[in-house]
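If you're matching positions, the sequence shown starts at -8 in our numbering and goes up one per residue.
We put the CB at the ideal spot given by N, CA and C, even for glycine.
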Amino acid sequence: PSTTIVKKQPNAQFTRLMNEYREMVGLDVFASGGNEIVSAAKALKKKKLLGFLADQDGYINGLPVPFLGQDSSAVMGPATFAKKFGSPVVPIFASRKPEGGHIVHILPALHYEETGDEDVDMYRLTEACVRVTEEFIREHPDEWLWFQHRWMTKMDQIIDYDKKIAIRERAHEKQ
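Have a look at this one:
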């Protein structure tokens, strides 16, 4: 049993089509921008898998993490849920097989590790998620499909940017 948080697309027909496909393969789908936090918490409490698209722009609330050589605003959802529920973050990707069909790649789990510095701990797991995603994209660049501008949020738009950069520096000092 799996659940996924999805972002509504500007085209309602495309959103409907994508959600029908997701449900056809057994995913429970709920959209961001509503009660996704409550729905996600319920799913995790029921021991369901919870899926995120981790290559999304984190907007003004994200963490500044380099992605494919350029500073980006990274989403903190996977790290937030890992911390709150003690859930591992399991990176899962799909790639095409030359003869047709797909291969599902399930990578080793990432864990929220408590060091006593919550900000650093959140940054490290978020950065680890970005690195795993980046590595997979570099291995399969022709399969990364992106409809939005990944680097839409400029660094000076991120809330508490200077504080978050200081957290990033602490995270790298302590390694």
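Rounded to whole angstroms, how far is the Cβ of residue i from the Cβ of residue j, which I believe are closer than 8 Å?
i          : j           : result
residue 81 : residue 100 : 5 Å
Check whether the Cβ atoms of residue i and residue j sit closer than 8 Å, and answer yes or no.
i           : j           : result
residue 142 : residue 61  : yes
residue 79  : residue 73  : yes
residue 48  : residue 124 : no
residue 113 : residue 146 : no
residue -4  : residue 43  : yes
residue 162 : residue 111 : yes
residue 87  : residue 96  : no
Have a look at the DSSP bridge pairing and note the partners of residue i.
i          : result
residue 28 : Residue 28 is not bridged to any residue.
residue 85 : 95
residue 79 : According to DSSP, which records beta bridges pairwise, residue 79 is partnered with nothing at all.
residue 19 : -6
residue 56 : 63
residue 48 : 65
Can you tell me the Cα-Cα spacing of residue i and residue j, whole angstroms?
i           : j           : result
residue 160 : residue 130 : 28 Å
residue 154 : residue 22  : 30 Å
residue 65  : residue 55  : 6 Å
residue 30  : residue 38  : 13 Å
residue 40  : residue 20  : 12 Å
residue 140 : residue -6  : 25 Å
residue 58  : residue 152 : 17 Å
residue 75  : residue 5   : 33 Å
residue 35  : residue 164 : 33 Å
residue 109 : residue -2  : 28 Å
residue 7   : residue 0   : 9 Å
residue 126 : residue 33  : 31 Å
residue 2   : residue 71  : 29 Å
residue 27  : residue 133 : 31 Å
residue 52  : residue 18  : 27 Å
Applying the 10 Å Cβ sphere with the 16-neighbour rule, what's the burial state of residue i?
i           : result
residue 90  : exposed
residue 15  : exposed
residue 69  : buried
residue 144 : buried
residue 149 : buried
residue 107 : exposed
residue 103 : buried
residue 119 : buried
residue 115 : buried
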